[in-house]
Amino acid sequence: MKEKELQSLRFNNTSWEIFQLGEKCILLQAPNIQIEKIHESTRLIKTVLGNLITDIVPSYNSIALFYSTEKSSLIEKLETTKVTAEKKSKKIQRLEIPICYELGLDLADVAVHAGIGKEEVIKTHLSGVYRAILIGFTPGFIYMDGLDEQLACPRKENPRKFIEPGSVGIGGEQTGIYSLASPGGWNIIGRTPMPLFDPKQQPPMSIEVGSEVSYVRMSIKEFEAWGS
Amino acid sequence: MGKLRVIKVGPLSTIQDEGRFGYRQYGIPQSGAMDIRALHNVNHLVSNGPGWPVIETAIQGIKLEALEETTIAVTGAITSIEINDQQLPMNTSHQLSKGDILTISKPLDGVYSYLGIGGKLKANEDFGSTSTYLMAGFGGIEGRALKKGDVLETKEGKPFENHVIKREIETKEVETIRIMKGPEWKLLKDLPERTIFQVDPSSNRMGIRLIGNPLDMISGEVLSSAVIPGTIQLPPNGIPLILMNDCQTTGGYPRIGKVVEEDMGRLAQLNPMHRLRLKVIAFEDGTQKPLK
C-alpha cells in the first residue's frame, strides 16, 4: 500500500526506521546495517533503557524492543543518548568451549560430504573462530558464522526429534549450538558438556549475540568427567 | 485445596497460565492460554488469582475423578459437562465431592476449553511460567501433555463460593478480526479485508493457517527478524499465516500486520473452516492512520 507514515530515530550513529510490531513492541530497522553494529546497538540499548524494556530481540538488520511503559519515553531516551566511546567500550566476549567430537552423530556424514577424513574435519573446525549472530528459532539455539565453507553440509532430510543440549551443528553454510534440548535438522559434529543455558542464572545464557567462540577438543573421558 | 485424577484425556490437554515473558531474546516462546479471557474467567469462578494455571483442552475432552473436595469451573469453547452423569452448566462454579466423576466433552463450538481448579495448581515453573510448551518440554507436568493417571493437585484454595459469568458473545458467520499494520504492510497491493478466508483445520497453538485466495503482493525478501503471537506472515503463496502463542521468536516471511491483542482469543476459538476477514484499524497511539 502506498500510504506510508515512516517514523525514524537516530541512535548509535545510525538512522533506524520504527515499526510497530505489537501493542507493546517496536521494531527498529536499519536496512543495510552491519551485524556488528546491530550487536553493539543491542548492548547499548540494554544499558541505556535497562528496566524500561522487558525483552529485546536482535536479528540481522533489526532490533525488536518490548516495553511496558510509553513508547515515546523509550524513543526520547534513545535519541537523547550520546553514545560515547566509553559506553561502547564493553569488550566483545570471547569464550573457549570444550567439544567432544566423538559425540558428533553426523561427523562421518559431514566428512563424506566434504570429501575429506573425519580428523581433517575436526582440524578445520578447531581452527575457526565463530561469532554468535542470532539467538532463536528454537529455544536457546545460537546461530553462528565463521564456518569454513569446506565444512558446509545440507540439513538432514529427516530432522531429529531430540537433540542433546550442547550439540554443535552444521546446517548448510551456517553453524550453531543447541544450548537446550530440542528437535532439529542440523548435522551434529560434536557436543560440549559446558552448560550454556541455565534458567536459574541471570542472564540465563552465557553467550550473547556478538560473542566469539573457539573450540577446544576434549576426549569422551573428559566429557564424562566434566563437572564431577 | 483440590485434587483430581485424570481418567481419560485427549492428546492436547495441557497446563497453561498467562505465558512466559522476557525470554524471547533466548528464543523462548510465550505460550500461555490461547483464550486469555477464558483463563481469567475460569480463575474468577474458582476464586483464584486471574493468571493462575488451569487445564486447557483442545479438540477432545477430559474425564477426571475427584480425590478430595474440589472446586471447579469450565469456560471457553462450549462443551457439555457432567458430574456423575448429571449435566451441569459451564461458566459456573461447582463443588466436587470425593469420588465424583467429572466429564468434559469435546468442544461443541470453539476450540479451547478451560478447566479451573480452586487453588494453585502444582506444575513445573520454567522461566517464570507454568505454561506447557511441548516442543522444549517447559512447564506443566514434566513439560508434556496430560495423560491418564496424572494427579492434579492445588494448594492455597479459598472456600467454595458460587459464581456465574455471562456466556460469551455469539460468533458471526464471517468474523471480523482487527489487525494493525506490520513492518511489511507496504508489500500488499490491496486491503486484506476484501478477501474472506477460512480457518484451516490444521491450525494449532503455533499458528492459524488460512484457506482462501492469495493476497496480491509485491514479492519481497525479508531477512529473518522478530515475530510475536498475532504477527500475520505472508509467505510467497500469498495466503496469510497468523502466528499464535507457541510461535517461534524470529521468522523470515513479510509481516503484513498483527492481530490486535483483544481479538486473539476470539480468533483462537474459531471453528475449523469458520470464515473471517482481517480488517486493519488505527493503532492506538496514532502512528499508523486508518485507511479511510
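Residue numbers (the working numbering), protein chains in the order written: chain A, 15 to 242; chain B, 470 to 761.
We put the CB at the ideal spot given by N, CA and C, even for glycine.
query	result
CA-to-CA distance, Asp212 of chain A to Asn560 of chain B, given in whole angstroms	40 Å
Local conformation of Arg647 of chain B per DSSP, three classes	strand
Outcome for Gln485 of chain B when other beta-carbon atoms lying within 10 angstroms are tallied against a minimum of 16	buried
Reference Pro179 of chain A; option with closest CA among A:Pro207, A:Tyr157, A:Gln188 and A:Cys167	A:Pro207
Distance, Asp619 of chain B Cα to Lys532 of chain B Cα	11 Å
Residue-chain proximity (Gly520 of chain B, chain A), Cβ-Cβ < 7 Å	no
Backbone CA spacing between Ser87 of chain A and Pro670 of chain B [nearest angstrom]	43 Å
Segments assigned beta strand (DSSP E), at least 3 residues, entirely inside the stretch 17-95 of chain A	21-25, 28-36, 39-43, 67-72 and 76-81
Rounded C-alpha distance that separates Lys137 of chain A from Tyr492 of chain B	35 Å
Asn512 of chain B - containing alpha helix (DSSP H), residue span	Ile505 to Leu514
Chain-ordered chain A contacts of Pro652 of chain B [CB-CB under 9 Å]	Glu31, Phe33, Gln34, Leu35, Leu41, Gln43 and Ser76
Burial state of Val227 of chain A (16 or more Cβ within 10 Å)	buried
Neighbouring residues, chain B, relative to Phe155 of chain A (Cβ below 8 Å)	Gly496
Ala605 of chain B in three-state terms, based on DSSP	coil
Cross-chain neighbours of Ile149 of chain A in chain B, by beta carbon under 7 Å	Gln494, Tyr495 and Gly496
Contacts that Ser196 of chain A makes with chain B (C-beta to C-beta distance below 8 Å)	Met604 and Ala605
Separation of Ile570 of chain B from Val182 of chain A, as counted between CA atoms	49 Å
Any 3 or more C-beta pairs closer than 8 Å across the stretch 139-154 of chain A and the stretch 708-718 of chain B	yes
For Met733 of chain B, the residue or residues it bridges with in DSSP	Beta-bridge pairing links Met733 of chain B to no other residue.
The stretch 684-701 of chain B / the stretch 655-669 of chain B touching (three or more Cβ pairs under 8 Å)	yes
Cβ neighbours of Gly199 of chain A in the same chain (closer than 6 Å, five flanking residues each side left out)	Arg169, Lys170 and Pro173
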